[in-house]
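Numbers given in this note's numbering equal positions in the first sequence, counted from 1, plus 185.
C-beta: ideal position from N, C-alpha, C; glycine also.
Everything numeric in this text was worked out from a predicted model, so none of it was measured.
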Amino acid sequence: MPRRTEIAKLLSEKPIGTEVKVMGWVRSFRARRFLILNDGSCFQNLQVIVDFERFDEALLRKIQFHACVAVQGQLVESQGKDQEVELLAENIELLGACPADEYPLQPKRMTMEFLREHAHFRMRTLTLNAVFRMRHGLAYAIHKYFHDNGFYYLHTPIITANDAEGAGEMFHVTTLDLACVPKTEDGQVDWKQDFFERPTNLTVSGQLEAEIGALALGKVYTFGPTFRAENSNTTRHLAEFWMIEPEMAFYDIHDNQDLAEDFVKYLISFALKHYPDELTFLDQRLRNEEQHLPKDKRRPMGLIEMLEFVLAHDFVRITYTEAIERLRRSKPFKKGRFQFEPQWGADLQAEHERYLVEKEFKKPVIVRDYPQQIKAFYMRQNDDDQTVAAMDVLFPYIGEVIGGSQREERHERLQQRIQAMGIPEKELWWYLELRRFGGCPHSGFGLGFERMVQFITGMGNIRDVIPFPRTPGNAEF
RNA sequence: GCCUCCAUAGCUCAGUUGGUUAGAGCGGCGGACUGUUAAUCCGUAGGUCCCAGGUUCGAGUCCUGGUGGGGGCGCCA
186 MPRRTEIAKL
196 LSEKPIGTEV
206 KVMGWVRSFR
216 ARRFLILNDG
226 SCFQNLQVIV
236 DFERFDEALL
246 RKIQFHACVA
256 VQGQLVESQG
266 KDQEVELLAE
276 NIELLGACPA
286 DEYPLQPKRM
296 TMEFLREHAH
306 FRMRTLTLNA
316 VFRMRHGLAY
326 AIHKYFHDNG
336 FYYLHTPIIT
346 ANDAEGAGEM
356 FHVTTLDLAC
366 VPKTEDGQVD
376 WKQDFFERPT
386 NLTVSGQLEA
396 EIGALALGKV
406 YTFGPTFRAE
416 NSNTTRHLAE
426 FWMIEPEMAF
436 YDIHDNQDLA
446 EDFVKYLISF
456 ALKHYPDELT
466 FLDQRLRNEE
476 QHLPKDKRRP
486 MGLIEMLEFV
496 LAHDFVRITY
506 TEAIERLRRS
516 KPFKKGRFQF
526 EPQWGADLQA
536 EHERYLVEKE
546 FKKPVIVRDY
556 PQQIKAFYMR
566 QNDDDQTVAA
576 MDVLFPYIGE
586 VIGGSQREER
596 HERLQQRIQA
606 MGIPEKELWW
616 YLELRRFGGC
626 PHSGFGLGFE
636 RMVQFITGMG
646 NIRDVIPFPR
656 TPGNAEF
């Protein structure tokens, strides 16, 4: 009895004439003769030829959609045209039945909304299968890119007492009994009795801690879960998402932009090179989806074509001030099509970003030097005293994929900003000390992992590129 | 948080100005078929029309409230 072989190995090595054993889930069983198996080792399936007269009728009946079977037999050259090799079944064993009259999934098109309600089965579908293989590949590519470029992977804390980052609403972390919260004499919550003896939260960013790393190791990056308790209901937001945050000593805002562009392009080229089967499928899927849309709502390019296009062109780099000028000269503004007026001092709205990326330049755009009043306290003030060295990388369809900045390394300036913005200075004592003791110019950015996966897979909703999405009111799986 | 749309068979949907017994395709189940690739063909079962209330002679259809979900905006990554 041969040992089990993974389908990926059979399809790449094609040991024709040998006796093999595979295990996998049934994708389809046509004419009681053609059994299509997938074992997750690759996106491709293996076709098994079943001579039904040689097998027990009761067994054949149980070979249903997504049932799990083990098949032993000889690998031969295929007579059909869509595969090179196939397996002639000599022995079939049912590992796990999947009664079709009760199983919610069906071998047909299902909506993403329906699949989300069956999240424990959904990655068995072709689309989610392709997405999560890609997600893995990109996670690997991220580590590889940074490792190959001399970065160190820094693990920043998930539980933090830092309340000053200002990146968003936070989830509280406590072991206190919520039904009976201990109070101090003046009626406040007595945090001294909590686990950490102070209020703590789930992190909204590892950036401030990454800066500690950068000022010792030179180039570091974080890659971990991040939490935002915002009541955001969009196709681009999650309450729990994964963020990549490189932080580099001696990098200014231009070095930062160079890195961001090179990094993102590396991820795209990695996907194109290593996941052609998945991308071809996702490309076709997107075409099929868009057939239901009116022509003007469809994407101008297919998925793969768009990825190649992004790789082939330099990202546009403009200042915020220039972006506002261009927006005010634009057709949609003159025709009153914008809901919000582009105005110096106000943040760019989603409609403005979309116009710049999809209409004006038709490629990714990096906007830098934003007004300081709309950006975070730690961003470095420019010499004009009005703007800060912030940058956002804007992509078609998903908008802001990266936000970053050169950090304010001058102690007095940073302290002034913290005071001006009313942030409790006491909590940031260690952050300020980084500027007093051996500080240096440094920069970094945050990339939303799921948004990148969304862009590369063409998925419209961010909930379909993370296995177990956390959104307001939803934590079932 | 704001705005908006949707909820009919297991799934995707149709259902006319309110009218009698609620439909299709796919899937399921039963059968035929030994080279299929979304197989095909024949047959068959399957419904609390999301929930509660209201208008009406009569509600899947209209109104109010609720629940669940989608999309847009804001916040951001």
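Buried or exposed: which applies to residue i, given that a residue is buried once 16 or more other Cβ atoms fall within 10 Å of its Cβ?
i	result
N441	buried
E396	buried
A575	buried
C365	exposed
R215	exposed
E302	exposed
W210	buried
D371	exposed
G607	exposed
T419	exposed
E262	exposed
F380	exposed
M355	buried
T341	buried
F448	buried
G633	buried
H332	exposed
L323	buried
H431	It should be pointed out that residue 431 corresponds to Pro in this sequence rather than to His. Its Cβ being crowded by 16 or more others within 10 Å, P431 is buried.
M590	Here residue 590 is Ser; the residue named in the question, Met, does not match the sequence. By the neighbour-count rule (16 or more Cβ atoms within 10 Å), S590 is buried.
R565	buried
M186	exposed
K482	exposed
Return the bridge partner residues of residue i from the DSSP annotation.
i	result
V256	V207, I277
P431	Y406
A575	S590
G225	DSSP output for G225 lists no bridge partner at all.
H357	N386
R553	T504, M576
T345	N386
E238	According to DSSP, E238 bridges with nothing at all.
E262	V270
L196	L196 is not bridged to any residue.
F331	Paired residues: none, contrary to the question.
Q232	I221, E271
Quick check on residue i: does DSSP put it in helix, strand or coil?
i	result
G202	coil
Y337	strand
R215	strand
F366	Inspection of the sequence shows that residue 366 is occupied by Val rather than by Phe. In this structure, V366 counts as coil in the three-state DSSP scheme.
L488	helix
D468	helix
N659	strand
R383	coil
Q442	helix
M644	coil
L533	coil
V455	This sequence places Phe at residue 455; Val is not what is there. Residue state, collapsed to three classes: helix.
R189	strand
I397	helix
G391	coil
M564	strand
G584	strand
E302	coil
V270	strand
T411	strand
V374	strand
F317	helix
F653	coil
F250	coil
E425	strand
K548	coil
Y325	helix
Rounded to whole angstroms, how far is the Cβ of residue i from the Cβ of residue j, which I believe are closer than 8 Å?
i	j	result
A399	G629	7 Å
F219	Q232	6 Å
I647	E661	Going by Cβ atoms, the distance from I647 to E661 rounds to 17 Å, so no, they are not a contact pair.
K548	V495	7 Å
I627	Y436	It is worth fixing the name first, because residue 627 is His in this sequence and not Ile. Rounded, the Cβ-Cβ distance is 6 Å, consistent with contact.
E594	R553	Not really, about 17 Å apart at Cβ, beyond 8 Å.
F640	F546	Not really, about 16 Å apart at Cβ, beyond 8 Å.
Hey, would you say the C-beta of residue i is under 7 Å away from at least one heavy atom of the ligand COA?
i	result
Q392	No copy of the ligand COA occurs in the structure displayed, which carries no ligand at all.
Review point. Fully enclosed by the stretch 493-529, which alpha helix (DSSP H) runs are 4 residues long or longer?
Key: 505-514, 516-519
Practice item. Counting only runs of 4+ residues fully inside the stretch 596-634, write out the alpha helix (DSSP H) ranges in chain order. Key: 596-605, 614-621
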